[in-house]
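Written out below as structure tokens is the structure these notes cover.
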Amino acid sequence: MNILSTYKLTNSKRTNLQRMITIKNTDFTSNVSLAAMLMVRTKEYMLDTCKKLDLYVSPNLKKEETARRIAQEILDNPLAVLCSLSKSELQLVDEFVKAGPNQYITKKMRKTQYKLQKYSLILTYEDFEASEWKMLMPDSVRESLAVSLPAILSIVEKTGKAPKYKDLRMLAFLNSL
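Numbered according to my numbering, the sequence shown spans residues 6 to 182.
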């Protein structure tokens, strides 16, 4: 069975914007590739996500190549993702990291999605009866974010907000001189 047929996008009732990637049941495992998850998005949506994370992928590629390259950019630049998240979402990432592979994190449904859902970094099972989201983060994403997460969490605990990704890149550049 084609992996793309197992995911779907849910649409917001208020707007025509694409929402999180949902799954039909909780039988999915976390060994799914990020590129496969991104393939259910439109190319425009993928490039918009890339722009929000201050990453660059050429818009002149076919959709499959765009998804593959954006996935690689996200996995190679975990600070871009972590710096865009709020303290509560960083704590959610920490829960995923501590839980390990194939573990769903259950949270109460919210009116607004997590950025992790908007960026297509987690799969979500919507349990409407219990009013819960059961979320699964792919291994590749979890392992990539786990490397820089302690440092970013420490900064957030001390300052109350995450540093800007552009500032971290500039510091890295200046240190390399």
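Note that beta-carbon positions come from the ideal geometry of N, C-alpha and C, so glycine has one too.
query, result
"Best match in Ala76, Lys103, Thr47 and Leu176 for proximity to Leu60 [C-alpha to C-alpha]", "Ala76"
"Opposing strand residues paired with Asp144 [DSSP bridges]", "None, per the DSSP bridge assignment."
"Sequence ranges, alpha helix (DSSP H) only - wholly within the segment 94–125, length at least 4", "120–123"
"Contact set for Lys112: own chain, Cβ-Cβ below 6 Å, skip 5 residues either direction", "Trp138"
"Where the beta strand (DSSP E) containing Thr129 begins and where it ends", "Leu128 to Asp132"
"Span separating the alpha-carbon of Tyr170 from that of Glu134", "39 Å"
"DSSP three-state assignment for Lys29, whether helix, strand or coil", "coil"
"Close Cβ partners of Asp144 (< 7 Å) along its chain, the five nearest in sequence each way excluded", "Ser35, Asn36 and Pro106"
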